[in-house]
Structure formats: C-alpha cells, structure tokens
Amino acid sequence: MSISPSTLAGRGIPLYWAVQAHRSAGLNGLFLVVLLFVAAYGVLFPGLFTVSGFATFTQSWFPLALVAMAQALLMLTGGISLAVGATVSLGAVIAATTMPGPFGVAGGVIAVAVAGLGIGAAIGLIVVKLRLPAIVVTLAGSFIIGGAALLILPRPGGAVPDWFSNLLAGDTPVAFAILVLIVLAWKVYLATPLGLSLYAAGENPIGSYRSGVPVDAARIAAYGISGLLSTGAGLFVAAQTGSGDPVIGTAFTLNSIAAAVLGGIGFLGGQGTMRGALAGSLLLSLMISVMFFLGFTPVVQYVAQGLIIIGAVALPQLRRLRQ
Amino acid sequence: MTDAVPLLAARAVSKSFFGNPVLRDVSISLLPGRVHALLGENGAGKSTLINLLSGALPPDSGSIEVDGRPVSRLTPIEAAQAGIAVVQQELSLTASLSIAENIGLGAFPRRFGMIDYRALTARAKAACELVGLNEALSTPVGQLPLGRRQMVEIAKALYRKPRILILDEPSSSLSATETKILTDLLERLRGEGVAILYISHRLNEVMALCQHVTVLKDGICTADRPLAGTDAAGLVRLMVGRDPGDLFPRWKPSGSTQTAVSVRNFSAGLMRDIDLEIRTGEVLGIGGLIGQGQDDLLLGLYGAIPAKASAAMVNGVAHLPASVVKANAFGLAYVPADRKREGLHLIHSIAANLMLPALARLPALKLRSGANEDLTTKGLAAQFAIKGDLGRQAQALSGGNQQKVALAKWMPRDPLVLLLNDPTRGVDVETKREIYILLRQLAAAGKAVVLLSSDTPELVHVCDRVAVVREGRIVAMLERAALSEEAIVAAAVGADRQRQAA
Numbered sequence: 002m003s004i005s006p007s008t009l010a011g012r013g014i015p016l017y018w019a020v021q022a023h024r025s026a027g028l029n030g031l032f033l034v035v036l037l038f039v040a041a042y043g044v045l046f047p048g049l050f051t052v053s054g055f056a057t058f059t060q061s062w063f064p065l066a067l068v069a070m071a072q073a074l075l076m077l078t079g080g081i082s083l084a085v086g087a088t089v090s091l092g093a094v095i096a097a098t099t100m101p102g103p104f105g106v107a108g109g110v111i112a113v114a115v116a117g118l119g120i121g122a123a124i125g126l127i128v129v130k131l132r133l134p135a136i137v138v139t140l141a142g143s144f145i146i147g148g149a150a151l152l153i154l155p156r157p158g159g160a161v162p163d164w165f166s167n168l169l170a171g172d173t174p175v176a177f178a179i180l181v182l183i184v185l186a187w188k189v190y191l192a193t194p195l196g197l198s199l200y201a202a203g204e205n206p207i208g209s210y211r212s213g214v215p216v217d218a219a220r221i222a223a224y225g226i227s228g229l230l231s232t233g234a235g236l237f238v239a240a241q242t243g244s245g246d247p248v249i250g251t252a253f254t255l256n257s258i259a260a261a262v263l264g265g266i267g268f269l270g271g272q273g274t275m276r277g278a279l280a281g282s283l284l285l286s287l288m289i290s291v292m293f294f295l296g297f298t299p300v301v302q303y304v305a306q307g308l309i310i311i312g313a314v315a316l317p318q319l320r321r322l323r324q
Numbered sequence: 166m167t168d169a170v171p172l173l174a175a176r177a178v179s180k181s182f183f184g185n186p187v188l189r190d191v192s193i194s195l196l197p198g199r200v201h202a203l204l205g206e207n208g209a210g211k212s213t214l215i216n217l218l219s220g221a222l223p224p225d226s227g228s229i230e231v232d233g234r235p236v237s238r239l240t241p242i243e244a245a246q247a248g249i250a251v252v253q254q255e256l257s258l259t260a261s262l263s264i265a266e267n268i269g270l271g272a273f274p275r276r277f278g279m280i281d282y283r284a285l286t287a288r289a290k291a292a293c294e295l296v297g298l299n300e301a302l303s304t305p306v307g308q309l310p311l312g313r314r315q316m317v318e319i320a321k322a323l324y325r326k327p328r329i330l331i332l333d334e335p336s337s338s339l340s341a342t343e344t345k346i347l348t349d350l351l352e353r354l355r356g357e358g359v360a361i362l363y364i365s366h367r368l369n370e371v372m373a374l375c376q377h378v379t380v381l382k383d384g385i386c387t388a389d390r391p392l393a394g395t396d397a398a399g400l401v402r403l404m405v406g407r408d409p410g411d412l413f414p415r416w417k418p419s420g421s422t423q424t425a426v427s428v429r430n431f432s433a434g435l436m437r438d439i440d441l442e443i444r445t446g447e448v449l450g451i452g453g454l455i456g457q458g459q460d461d462l463l464l465g466l467y468g469a470i471p472a473k474a475s476a477a478m479v480n481g482v483a484h485l486p487a488s489v490v491k492a493n494a495f496g497l498a499y500v501p502a503d504r505k506r507e508g509l510h511l512i513h514s515i516a517a518n519l520m521l522p523a524l525a526r527l528p529a530l531k532l533r534s535g536a537n538e539d540l541t542t543k544g545l546a547a548q549f550a551i552k553g554d555l556g557r558q559a560q561a562l563s564g565g566n567q568q569k570v571a572l573a574k575w576m577p578r579d580p581l582v583l584l585l586n587d588p589t590r591g592v593d594v595e596t597k598r599e600i601y602i603l604l605r606q607l608a609a610a611g612k613a614v615v616l617l618s619s620d621t622p623e624l625v626h627v628c629d630r631v632a633v634v635r636e637g638r639i640v641a642m643l644e645r646a647a648l649s650e651e652a653i654v655a656a657a658v659g660a661d662r663q664r665q666a667a
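Chains as they are written, first to last, in my numbering: chain S, 2 to 324; chain F, 166 to 667.
Here you go:
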C-alpha cells in the first residue's frame, strides 16, 4: 500500500509526503487495532503466513475492500450510496453470463467495467445535476439495479471459466496484487486536480466553486468510479463462486458503510482518508473471521459487529465531548 | 492619476432582489495603484456590489467595465482571467486539505495532468511569505485558528497574481500584528500598480490605508471622493445620515422600572465578562456590527448555549437558566432572527404555531381542549392583528405577519422578559411600525423587552437604553438622552475612542 506516484510525478517532493503524513495522523489508533487483530488471526490460524494462507485471507477481504472504497469515495463528496450491494450483484451476473459467451473473459471484464462506470455516472448525473438527495436516488437505484440483475439471471447460474476463477481466487495472492494496483491508481487520481477536488467539493462546495474548482465534475466522476469498483467487486465474487447469483451483493451495502465509518470517514463530506476506509474494511473482515474461528454463532456475530461499530464511532466523539 | 483608465469599474449599476432594490445607480472606479475604501452600514449593499464586480451576480441595469471596455456578462471564470481576485467574508477553504493545497485549489500547476507539488510548493510559499504565514505548508487548514485561516484566504488570492484585489472585511478576525502585515502588504501591492477595493468597519484602518472612499447608504452612493481632508466623524455622518420619517411611534417613558435580570461577569460564546441589567418597563436595545457576539448574549441568557456569570439574578432566581425549559420557567421568552427555520414551523397551521409554547406547559398526557385553544389563538390573533384564517400554513403569511406569530405565541405564558433577535429584519414598513408600537406597549405593561437589532434608527427611536457591543464586550451603554445614530455607529466601529484621542 505504500507504493506512491512519486515515480510518476518526480522523486522526493517534501510537500507531498508531509501532506500524506498529516492525513495519517488521526489513524494510528485504527492501524494499531488492525495490527492486533491480524496478530490474533495469525495465532488462531497459523496458516496466514504461508503464500496460500495469505492468498485465501486477502481473497476474503478483497470484495469488502473494494466496496469500502466505493462508499468512502462518495462519502468524501458528501454523498452516500445505498445501491452498492445491488451493483455488486449486477456485476456478478454480468460476469457469469458474458464470460461463457463469444467474447470470453476479456469481453466479460469490459462489460462489467462499462456497466459499473455507466450506472455510477448515471446516478451521479441525477444526484448532482438535479440536486436530489443521494440517499433517495441510490435507494431507488438499488431497486432498479437489483431488478436488472434478476432479469438477467433469475436464479443463480452462468459460469466463470475455471482458469479465471483459479487465477483470481486460487492459491496465489493475485487479488492482493490487484488491490495494490487499485490503491496505486487511487493515489494517482488523488494527485490530479480533479481527484483532490473531491475533498473541496465535499466539504465546502460554495467556496470551492468560487475558487474555480469543477465541483459537479468531481462529484459525477466519484459516482462513476464508485460504480466501477462495485461491479468489479461483483466480478470477483462471481469468480470466487464460479457462477453468478443475482442477490449475492445485498450485504455489501451496509457493510461498505460500516467499513467506511470504522475507517473514520465522516458523513458530512471531506472528512477521512481512503487508507482509513481500507483499514476499516480490513478490520471488519478480520472481525468476522476471528469471531468465526472463536465459534460465535452468526447471531452473536451480528450483535458483536454492531456493538464494535457503535463503539468505534462513539470513542472519538466521547473524547471530543470531554474537551 | 485622474487620467488613468480604471482597471475595473461599475457604471450606474442597479440590482434588486425580489423587487427590493439593493443598489440604485451606483458607480465606482478602481484605479491602478489606489486603495479604494467601500463603506456602509450592514445591508447598505456592499456585498452585492462586490458580487457584481466579481461576476458572481449580473447587474439588472448598468454595466461593468474591465480596462475601460464594457463586459456584457461577467462570470467568475472571466473575472479570474481578467485578474480579479476576491477575499470573501465567508472563507472558501477546505479544512481537511493542507495550506498549500487550499492556496492552489482551482488553479493548480500541473505536470502530466497531475498536481505539480514541486511548483505548488514554490508558488504557495511565495504567497505565504507575502502575508507572513510561516506555518508548514503541509498543515491542514482545519488546525489553524480563524485569523490564520483568513491569512490563508488572502494568500490564496495573491497566489493568483491579481491586478484587482477586492477584500471584504479582511481584518475582522485578524490580530493587531496580522492587520499590520496586511496593511504593509496592501501598501506594497499598491506601489506595484494593483487596484485594491477595501471593505472594513474599522475606520482608523480605512483612514490610514485608503486614498479614496465610496460610501453606500441604503443602496445609494452618498459619497465618492478622495479621503484626504475627511475625518472619522464625517464618514460616520455619511454612513447614517437619513431621515427617520414617520416610521417610529412617539417615544414616551414608561412608568416605573424594576430590575428583571442582572448579570455580572457574564460570558457566553463570543461575549466576555460583561455586566448587564435588564429592567421591566423599558426597551433595552442591543446594537453593534453584525457578529460581535450579540446573538450569544441573548442565547446565553436564554440557556440555549453554555453561559457563566459571577453573579446573576433572573426574575428573582439567583442563577442563570441552564436550559431553555428552565429559562421559560423563569419567565424568559426568545424570538429568533431566523423565523423561517428557528421561529416557526412553516408547514403547520398558524393556530398550531401559536399554541406550541402553551402546550409545552400542559401535563404531557392531558387531553387537549379544542374550544380553549380556539379561544386562545383567536385572542392572540386579534391582539397582534394577525389577519385571515388561522388554519392556513404559517408559510402563507408575509414576513411581517410571520414575525407577529413568532412573538404572539409566547404571550399565553406571560413572560416577564422578551428577548427579541432582530424582529424587523425583512419586514415591510407598515408591519415594522406595528411591531414598534407593540414593543412600547409591552414595555408600558411592565415587561422587559430586549431588542437586538442591526437597524440603527430603530434602536434610537424605540429603545430607552442601548448597549453597543463590539468584539464580545459592551463598549457603550447609551442612555435615552445620549441616543443618536452617530453615537451608536461611532461606538460600534470604535470611532468614539479615536475622536477622544484626537
């Protein structure tokens, strides 16, 4: 996660790195907790430190990491999406129905990417240009997108070629490598004027507009990228299971919000960092795994998960109130 | 210098909002190498004029000229290209981004499509040095105190290398040192031929810094002349000199007065260590420039924000109310300035709005009596001359009548102290007069009325005493005999001290 665009933008720029250091400042506690959970997980499941064990672990985290990024991106602009889960499902069914077809895996990947970008941008256009509340538009969008997934594939089916499944979800940490590439791409995006405008557009849209920031473009682009990440997560889930399931993504909507909130992303826009959201998704993923290994029943898991999220959000608030 | 072509000029511009004229036939010329002061009271039209000059709003009539050429429709982007930079009163900064990123926002140097952080460092550093910002460029703006943020805002304008620099009250949140840096900087920019428009309420600053002054009063330009040979008192007269007309009822003293509220070393929000006595039987005015802490004074007394005092007596109780519910129980009522959001429930009926405070006093589970409520609301409507069907939504009423509802709803609780926050803002003249009469009647009936107002004439003509607030302190308590618009404005802008010193 530490590969940076400095190789692209010239080496050793002090200001860039100092800014990065400031962005990490509030996250040390979170990083520490994640590290503790990784250690606990390593004790419970010693296989973590083998190649295949690491691969399995990162594969269970990968889709959650993607949807956490998709959600955090929108929350940074002051928006939110309730359509993440449905978009994941749609990505999965598109992948499972197109890959056996004449254009093969490449055609499937392109179809998934185009669908994600297109749907995201369409939602973004509606939210931004018509000035409608994101929560309502994406709720309606989740019905439409979920319906479309069911129309394409009314019951679980389709297929992802074995070699592709083995590549993404096999014994090698390819998924982790892809995640590293995605994070790198995000760093590059954030180093462009449009990317950095996300923060300004989310926190102070009027002031940003007066300063010449392309506020609308930054927000619509965020919705497009968010859609792409969501269908990408769907493609991966289809590869993991070898087939498509039109409702497989449902849980991702709320889990993406939970991960982003755990990672310190605020609901008011412009607050938080992507590294925080990624750490949040890793923490959530670890929590689920650790509780599974400790033999918690699913019901207890849900309750514990909820309590931990409320605790994580309440802690900084309590600290602020005491001041 | 008179021959120079103005870099930016407005020619006979007018602007109305919803039929209310805000600017009428105003002209202003910004010449290179001159600091031009723009003065006027709150609501005189200064901000609107800035918005016209910077392309944020189009004028209804008249024209904006850049380098002597009329521009048909100036947009913010064209304005920026023409070298116009504005330091707005509300900051345009993003708290989570660094100082350098904020300065470059919207005009980043680029390299291969990405932000060139190396070039940004150099250029942002140059701009920061001009304003004496020595914090690390990577510091998030959210970690800076307000005055430093204001300096970042100024650096952001300088980063764009403006030919025309417009500053809207840049010094209101600056310390003395920062203000000194700013004035030195403006002197230098003036020497380099930049045209500067400077809006400030601090008259001594204006006298020291500016060469030319335009004064606006109620949207009309009352002066456009060199500053040399003008004194602070003269400027104050130009800002307020108007005819009060027949708007105000004749003032006559109420009978006896008694202390209703008294506080010592009272602090709340921006207000620091003030002593204040509120008496029944009189209208106490709270004046001063907007945002000096007057709102916090009322809210603190009302228990709506945390407040403390070394000694307090509120309607016979020896401490400040800790909550709004307590304040109501002590006999305090508050009518907020923003009646649409805080004062009324717009989509509910007028009758429901009138009943709310009365209902709060009933036992929570007691059945309501339709007949009694009918009687109460009809009585209030008659007393306050609220016309028409009380079943209509409150938003159907005019601003003035909404204000009457916001005030009337407290009457069933018979409060002793009425805290009114700018009750006549945006109210038509006829209703204003009704409200003034009402306030005098309430005082005559033995209530204590506190009238916070941004409208100086109404303070002079309606109040028995006026406390003028500046920078969180009461800087003057003017008794009836000493009340005049000049006295209030002079105290509000700090010109009284200066005159004494001179």
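Yeah, the Cβ is synthetic: ideal placement off N, Cα and C, and Gly gets one too.
These numbers come from a predicted model, not from an experiment.
With 16 other Cβ atoms within 10 Å as the buried cut-off, status of residue i
i: residue 430(F); result: exposed
i: residue 201(F); result: buried
i: residue 303(S); result: exposed
i: residue 457(F); result: buried
i: residue 85(S); result: buried
i: residue 137(S); result: exposed
i: residue 89(S); result: buried
8 Å CB neighbourhood of residue i in its chain, flanking five on each side removed
i: residue 200(S); result: 77, 271
i: residue 204(S); result: 79, 269, 270, 271, 272
i: residue 209(S); result: 198, 201, 202, 216
i: residue 541(F); result: 519, 520, 523, 577
i: residue 286(F); result: 265, 302
Any C-beta of chain S under 9 Å from that of residue i
i: residue 320(F); result: no
i: residue 282(F); result: yes
i: residue 260(F); result: yes
i: residue 316(F); result: no
i: residue 241(F); result: yes
i: residue 255(F); result: yes
i: residue 223(F); result: no
i: residue 271(F); result: yes
CB contact check: residue i to chain F, cutoff 9 Å
i: residue 22(S); result: yes
i: residue 14(S); result: yes
i: residue 302(S); result: no
i: residue 212(S); result: yes
i: residue 19(S); result: yes
i: residue 147(S); result: no
Alpha-carbon spacing of residue i relative to residue j, whole angstroms
i: residue 570(F); j: residue 611(F); result: 21 Å
i: residue 1(S); j: residue 255(S); result: A question about residue 1(S) goes unanswered here, because the residues of chain S that appear run from 2 up to 324.
i: residue 543(F); j: residue 596(F); result: 19 Å
i: residue 252(F); j: residue 620(F); result: 26 Å
i: residue 121(S); j: residue 227(S); result: 6 Å
i: residue 318(S); j: residue 548(F); result: 48 Å
i: residue 524(F); j: residue 139(S); result: 40 Å
i: residue 195(F); j: residue 499(F); result: 45 Å
i: residue 287(S); j: residue 333(F); result: 53 Å
i: residue 452(F); j: residue 509(F); result: 25 Å
i: residue 285(S); j: residue 35(S); result: 9 Å
i: residue 194(S); j: residue 317(F); result: 19 Å
Close beta carbons around residue i, own chain, < 7 Å, minus the five adjacent residues each side
i: residue 599(F); result: 550
i: residue 425(F); result: 443, 444, 445, 480, 581, 582, 613
Nonlocal neighbours in the same chain, by C-beta distance under 6 Å from residue i, ignoring five residues either side
i: residue 135(S); result: 80, 81, 128
i: residue 230(S); result: 67, 70, 71
If you scan the region 169 to 209 of chain S from start to end, which runs of the alpha helix (DSSP H) of 4 or more residues do you find wholly inside it?
175 to 191, 194 to 204
Give, in chain order, every unbroken run of the beta strand (DSSP E) that is at least 3 residues long and sits entirely within the region 458 to 490 of chain F.
476 to 479
Where are the alpha helix (DSSP H) runs, 4 residues long or more, that stay fully inside the region 319 to 383 of chain F, in chain order?
341 to 356, 368 to 374
What are the uninterrupted segments assigned as alpha helix (DSSP H) that are 4 or more residues long and contained completely in the region 86 to 143 of chain S, given in chain order?
105 to 130
Which complete beta strand (DSSP E) runs does the region 217 to 281 of chain F hold, if anything under 3 residues is left out?
226 to 231, 234 to 236, 249 to 252
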